[in-house]
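Have a look at the structure below, then the notes.
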Amino acid sequence: MSTTLQPDHSRVTDAESMRSIYTIRNSSMRPWPFPHRLVDGVFTDRFYERLLSMFPGDDAFVPLNEYHPDRGAVCLTADKPGERDDRGNLENEQRAFWQQFVDSFGSQSFRETLLWSVGGPELVDSHLAITRSYIHLALDTKGYEIRPHTDISKKIVTALFYLPEPGDSSVLPFGTSVLREREDAQDLNPHDWERYDTVFTTRFSPNTMFTFKVGSDSWHGVKPVTTPVRRRSIQYFVMLND
470 MSTTLQPDHS
480 RVTDAESMRS
490 IYTIRNSSMR
500 PWPFPHRLVD
510 GVFTDRFYER
520 LLSMFPGDDA
530 FVPLNEYHPD
540 RGAVCLTADK
550 PGERDDRGNL
560 ENEQRAFWQQ
570 FVDSFGSQSF
580 RETLLWSVGG
590 PELVDSHLAI
600 TRSYIHLALD
610 TKGYEIRPHT
620 DISKKIVTAL
630 FYLPEPGDSS
640 VLPFGTSVLR
650 EREDAQDLNP
660 HDWERYDTVF
670 TTRFSPNTMF
680 TFKVGSDSWH
690 GVKPVTTPVR
700 RRSIQYFVML
710 ND
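And the structure:
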């Protein structure tokens, strides 16, 4: 007699990650101007509520780096020497929950799905064995901005899971912008907004994932957050091992 995995929303189970895999694999890939997907309802509603309840308080977050003081981060994976590990900043229940999240959603099967989602079986075949999952939580506040960039070459896939409270319309305008270089602006600094056409800006909607294949044309950014809002997200990168 066969059994069906049922999600247990009090903790992170493989049934939850499998449900997200199902949703991602049955979404549509957008090939232009670089391969990307926008996936609504990437988590079950009850599990999304659990994610929000387990999101750390402000005091757990440390600025990601000197360039982005308005982005606080809690780094959940530290697989390489020298990588930052912020799990000690979490309360016991939070630490256990997010470790379960990393174990389930940082698995090879989920990483394979992200590779497949923007590169098909070819990207899976060429990169699954030489990549790993790197995950951190992010909290952005007023003044935050990510100027146009493509992401570092060690990143193969970027996946952003937006985690606003349902009904919070204040953050909707501050999603990620998909950019395309203008042919008449090549003399401008690569990080100037004026060098690009904004072809699409995601809405920072609850329970939404924006993922894309990193490459020389994967220009994107977040325009300045001009109001006192709180952008909460899971930042997930499929990265080269070396």
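Letter by letter, the sequence shown follows residues 470 to 711 of the numbering used here. Think of the CB as a built atom: it goes at the ideal place given N, C-alpha and C, for glycine as much as any other residue.
N-terminal and C-terminal residue of the beta strand (DSSP E) that residue i is part of
i	result
Gln655	Unbroken run through Gln655: none, as it is neither H nor E.
Thr492	Here Thr492 belongs to no beta strand (DSSP E); instead the alpha helix (DSSP H) covers 483-494.
Ser602	600-609
Pro617	615-618
Ala418	Outside the displayed range of the chain (470 to 711) lies residue 418, so it cannot be described from this structure.
Arg700	700-709
Burial state of residue i, where buried means 16 or more other Cβ atoms lie within 10 Å
i	result
Ile668	According to the sequence shown, residue 668 is Val rather than Ile. That one is exposed.
Ser471	At Ser471, the pLDDT of 46 sits below 50, so the modelled position is not reliable and the matter cannot be decided from this model.
Pro659	exposed
Asp477	In this predicted model, Asp477 has a pLDDT of only 49, less than 50, meaning its place in the structure is not dependable; the value taken from the coordinates is given anyway. By the neighbour-count rule (16 or more Cβ atoms within 10 Å), Asp477 is not buried but exposed.
Asp656	exposed
Arg515	exposed
Asp555	buried
Pro675	buried
Tyr603	buried
Integer-rounded CB distance, given that residue j should sit under 8 Å from residue i
i	j	result
Met498	Gln563	Not confirmed; about 34 Å, so no contact.
Thr671	Leu507	6 Å
Gly684	Thr610	The pair is not a contact, with the Cβ atoms about 30 Å apart (cut-off 8 Å).
Pro633	Phe673	6 Å
Val707	Arg580	6 Å
Separation of residue j from residue i, as counted between CA atoms
i	j	result
Thr695	Thr645	15 Å
Arg700	Tyr536	17 Å
Pro502	Leu629	18 Å
Met678	Pro538	24 Å
Thr582	Lys682	12 Å
His605	Leu545	5 Å
Ile493	Ser586	7 Å
Delimiting residues of the alpha helix (DSSP H) encompassing residue i
i	result
Val593	577-596
Tyr517	514-522
_Whole alpha helix (DSSP H) elements within the segment 625-697, 4-residue minimum_ = The segment 625-697 contains no whole alpha helix (DSSP H) run of 4 or more residues.
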